Every structure is written in C-alpha cells, then in structure tokens.
Amino acid sequence: MPGEYLMNFPLDDLTSSDWQTRRTAVERLLKQADPHTLEQLLRVLKERQDDLGLLNAALQVLQRNALPVIATLAELLRDEDTDTRIYAAQALGQFGHAAAVPLLLDALEDPDPNVRYHAIDSLGQLRAVQAVPALREYLQTPDFFLTFPAIEALAAIGDPSVLPDLLPLLDDAILSPAVVDALGSIGTPREIPHLLTWMAAPHADVLLGCRALVRLAERFPSPAGRVPGLVRTGMPPQTRQRLLQVAAGGAAQGIEDVITVLGWLEGRDVQRALVALLRNESSRPIAARALQGMGPQALPVVLESLPETEDSVRVHLVRILGSWGDARAVPALITLLGSGTASVVTEAAAALGKIGARESFDALLQQLRHPSGLVRRAVVAAINSLGHPEHTRRLLPLAQDPDPRVRAAVIDSLGYFAAPEAEKTILQALTDPTEIVQLAAVKALGVLDTPRA
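What follows is the structure in structure tokens.
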C-alpha cells in the first residue's frame, strides 16, 4: 500500500510546524544519508507529492547526495515496471544535476510514451541544451502527446535556433498555443508578423497572442518602442478587429495584455475602446496608462468623452489631459471647474496647473470658495504654479473675504510667492479670529524674508 516503505522511517520532525525542528531533522538526515535513507527519501518523492513540507525536506537531502541518488534512479529507469520508470524520469528532473541528462536522453527511447513524456519534461526542467536535437525531432511528428511537452521543454531551454521549426506549427490549432507561448519566451521581434497573422485566425487565442507580444516587448526594451512599433505597423485589420472585440468584452482574465497592445496602436476606434475600458475598475489603471501613453493624438477622443462619462472615469481622463500638457484641453478643464464634483474639480485644477494655463486664473480664484478642503488645496497649488503677473494684486482683496476658508487659502498662496506687498496682510492674519487662517499665516511667515517674520 502507498507509504508502506515509510512506516519505519522517522518523518514526523520533517513535517513539524516548527521550522527549527524541521531544520534539525534535515541536518540529521544529511549526516546519516546512507543508501537506506536515500532510498526512503526517494519513496517520499514518489508517494508523498501532496505533502509539500515533507517533499521540500526530502529534496534538500537528496540534492546534497545527487550522484548516488542519480545512480539509483538510473537503475529504476531500467525497471520492468512502467510506473517505476515514469517516477525515475520525473525524479531526475528535480535534481538540477547534469549527470541526469544522458540518462533522460536514453529514456527518450523508452517503449512507453508516458516515460518519454516525463523524460522530455525533465530535460526542460534541467535546461539541457544538449537535448535540443532530440527534442527538435518531436516537432516533426504529428504526435500531440509528445510534441506538446517538447515545445515547452525547448522554450524552457531557451535555444532560439529552434524558431524556424516552431513557426510552421502555428497552423496547428492544437499545438499553436504552446508555440505562441514559446515565441514569447525565446522569440525575437522577427517573429512578430507571424504572431500577428496567427492572431487573426479563428482558432487563435488573442489573449495568449497579446501575452507573447508583451513578453517580447519586455525582453527587447531597446531600441525604445521597437516591438510596439513593429506591432503598430504590421497589425492586420482582422487582428485589430479581434483585439477590439476582446476589449469590448471587458473583464476576461489576461485582458491587461490586450490593453497594453491596444495602447501601441493608433486610431480613434482604439482610443474609444480604451476610454470604455476605464469604466471597468479592474482594467482601469492599465487602460489609463495605455491611453496616456498615446499622447495628444488621443486628445479629441478624450475631450469628446468627458461629458458622457461617469465621475470615476472622468477623473482619469482629466488626469491624462494634465499629463499631456496640451493647451487645447484648457477650455474643457475650465468648464469642469464650475460643473464637476469635488474629485473632478480637484483633478481639473491640478491639470490646469500642469498645463500652465494662465487664462484659467479667474476660474481658479472662484474655486477658492469650494466647500472641499481638498479642492481648495488643489486650486491654491494650481494658482501658485501659474505664476500669474496679477497674482498678488488680485489675491490681496480676497484676504478680507468673510469666509475663513477663503482667507486661509489666500494667505497660503500669498506666502508661496512671498511678495513684499503681501507682508502686511500676512502679519495681520496672525490675529485672525479663525485658527485655520492663523496657521496659514504662520506657515507663510516662514517663507517671508523679513526681520519681523
């Protein structure tokens, strides 16, 4: 029965919840790693795969005694029992030792396909470059059961010389997902046209294709934008349409990669798709980054979307407008100052400040009366960033406003520029009956270059 070999073997300490007890047990086993101990630990690998703690401890001991263990496994690879040979092929892949590679290459000739399957898998785990010629042969056979692990093993080994052998398999509806995944791992920008063409096929998984493209972009970050540029110029219309269809579906797992690829493209259809994706909370951050990365070419679509989107989306659109710094957005942002919710007004003020839109000065002054402290702080920051030539002259009268929140905001802004003509007003604010104004004055005085400060 399973586990019968372990009945007389002291394993309790290896599964203890106390890490020190586990470490002591491993150290003890390392000292007494005789053939019997190693045999029992090999049985652990075979029979206790569900116990991760025990499995990890067994591997620690076995890996420190790799050569005698591999010799034992070599014998098991010749066992008459198929399950034993399968187990040996699996175990050889777990040791990370080069001595296992010749044994696994021999196992590729095993009469049982299950043994060959696990030998292929283990060669991939070992990153065995010398196995590439043998594994390559499996790409020429129609045997899905063995070709599939061979593709994965070749991807793990990372030898790009196999790319010409992989590309024809993109036409195979069953094998192509493994090939696409491999292209993401070991492909080059030269394979991008093949990926884009494959993504247009009815059997293609667009999400998987986008994942491969994003991985290529991560692996080939320079020259800057090379992969995105190749995708943009080489995108077939059918593939583009499939991307938009997937994006319209919203919250599929892996949609992030689709959004990233959409961000590499041009066109108002793509820009509108990204705006729509902002409505989904899970995809919103990456959609915002993709839309922002398009730059001012997307400004007309963003502006047309402002009136018809909810606040959670509008906030991101306004933030994007601010990041572009395009003066064409100023009229729409000024309108939002007077009609938006607190969160939108806050972002609109910040955007106007980033753009440096001095024509928004009057509209910003009006928002000093906004009931939200967050808005008032954003407005003051925007006013300060404008550097308007009339700044001090226009703000001084507002220091006498009946609303203490306005007075505090004005004193805060006057202190930012520390104009000499504002000194008297700031000093008077120290005796204001409202604490928030007094605090603003104290802060402002710290900036003024005057003995009385």
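In our numbering, the protein residues as written are 3 to 455. Even for Gly, the Cβ is constructed at its ideal location relative to N, Cα and C. Note that the coordinates shown come from a computational prediction; the quantities given were computed from them, not determined experimentally.
Cα-Cα separation between residue i and residue j, rounded to whole angstroms
{"i": "Arg138", "j": "Asp167", "result": "8 Å"}
{"i": "Gln127", "j": "Ile336", "result": "60 Å"}
{"i": "Ala424", "j": "Ser387", "result": "18 Å"}
{"i": "Pro298", "j": "His318", "result": "15 Å"}
{"i": "Ser374", "j": "Leu267", "result": "39 Å"}
{"i": "Asn10", "j": "Ala27", "result": "Its pLDDT being 45, under 50, Asn10 is placed unreliably by the model, and the measurement read from it follows with that caveat. Whole-angstrom Cα-Cα distance: 15 Å."}
{"i": "Ile88", "j": "Asp161", "result": "26 Å"}
{"i": "Glu363", "j": "Ser307", "result": "According to the sequence provided, residue 363 is Phe. The question's Glu does not apply to it. Whole-angstrom Cα-Cα distance: 25 Å."}
{"i": "Ile357", "j": "Val382", "result": "15 Å"}
{"i": "Ser187", "j": "Glu220", "result": "10 Å"}
{"i": "Ala152", "j": "Thr86", "result": "22 Å"}
{"i": "Leu280", "j": "Pro302", "result": "17 Å"}
{"i": "Ala136", "j": "Val248", "result": "39 Å"}
{"i": "Ile176", "j": "Pro230", "result": "28 Å"}
{"i": "Leu185", "j": "Glu361", "result": "52 Å"}
Contacts around residue i, its chain only, beta-carbon distance under 6 Å, and the 5 residues preceding and following it disregarded
{"i": "Met201", "result": "Val208, Gly211 and Thr241"}
{"i": "Ile288", "result": "Glu258 and Ile261"}
{"i": "Val272", "result": "Leu264"}
{"i": "Asp403", "result": "Arg409"}
{"i": "Ala455", "result": "With a pLDDT of 46 at Ala455, under the threshold of 50, the predicted position of this residue should be treated as unreliable, and no value is reported."}
{"i": "Ala443", "result": "Ile413, Ile428, Ala431 and Leu432"}
{"i": "Asp328", "result": "Pro298 and Leu301"}
Where residue i sits in the DSSP three-state scheme
{"i": "Thr86", "result": "helix"}
{"i": "Gly448", "result": "coil"}
{"i": "Ile438", "result": "helix"}
{"i": "Thr23", "result": "helix"}
{"i": "Gly269", "result": "coil"}
{"i": "Met296", "result": "helix"}
{"i": "Ala455", "result": "At Ala455 the pLDDT is 46, less than 50, meaning the model places this residue with poor confidence and gives no usable figure here."}
{"i": "Thr262", "result": "helix"}
{"i": "Met237", "result": "coil"}
{"i": "Asp167", "result": "helix"}
{"i": "Thr463", "result": "The displayed coordinates of the chain run from 3 to 455. Any statement about residue 463 would go beyond what the structure contains."}
{"i": "Tyr7", "result": "With a pLDDT of only 36 at Tyr7, under 50, the local geometry of the prediction cannot be trusted, and no value is derived from it."}
{"i": "Arg2", "result": "A question about residue 2 goes unanswered here, because the residues of the chain that appear run from 3 up to 455."}
{"i": "Leu458", "result": "Given a span of 3 to 455 for the chain in the structure shown, any question on residue 458 remains unanswerable."}
{"i": "Glu77", "result": "helix"}
{"i": "Leu130", "result": "Looking at the sequence itself, residue 130 is Ala, so the reference to Leu does not match. Of the three classes helix, strand and coil, the one that applies to Ala130 here is coil, per DSSP."}
Unbroken alpha helix (DSSP H) run spanning residue i, endpoints
{"i": "His99", "result": "It is not in any alpha helix (DSSP H) - His99 carries neither H nor E in the DSSP assignment."}
{"i": "Asp183", "result": "Ser178 to Ile188"}
{"i": "Ala334", "result": "Val332 to Ser341"}
{"i": "Asn282", "result": "It is not in any alpha helix (DSSP H) - Asn282 carries neither H nor E in the DSSP assignment."}
{"i": "Asp364", "result": "Phe363 to Gln368"}
{"i": "Ser314", "result": "Asp313 to Trp326"}
{"i": "Glu425", "result": "Glu425 to Ala431"}
{"i": "Gly417", "result": "Pro406 to Phe419"}
{"i": "Leu125", "result": "Pro115 to Gln127"}
{"i": "Pro302", "result": "Leu301 to Ser307"}
{"i": "Thr394", "result": "His393 to Leu397"}
{"i": "Ser345", "result": "Ala344 to Ile357"}
Residue i Cβ short of 8 Å to the ligand MG heavy atom set
{"i": "Leu198", "result": "In the structure shown, the ligand MG is absent, as is every other ligand, since no ligand is present at all."}
Own chain residues within Cβ distance below 7 Å of residue i, not counting five before or after
{"i": "Ala1", "result": "What is shown of the chain runs 3 to 455, which leaves residue 1 out entirely."}
{"i": "Ala421", "result": "Thr394"}
{"i": "Ala350", "result": "Val320, Leu335, Leu338, Leu339 and Gly342"}
{"i": "Gly269", "result": "none"}
{"i": "Ala76", "result": "Leu105"}
Nonlocal neighbours in the same chain, by C-beta distance under 8 Å from residue i, ignoring five residues either side
{"i": "Leu441", "result": "Ala410"}
Nearest-angstrom Cβ-Cβ length linking residue i and residue j, presumed shorter than 8 Å
{"i": "Leu397", "j": "Ser415", "result": "6 Å"}
{"i": "Leu354", "j": "Val346", "result": "Not a contact, Cβ separation roughly 12 Å."}
{"i": "Ser163", "j": "Leu171", "result": "Rounded, the Cβ-Cβ distance is 16 Å, inconsistent with contact."}
{"i": "Ala91", "j": "Ile72", "result": "That belief does not hold up - the Cβ atoms of Ala91 and Ile72 are roughly 12 Å apart, past 8 Å."}
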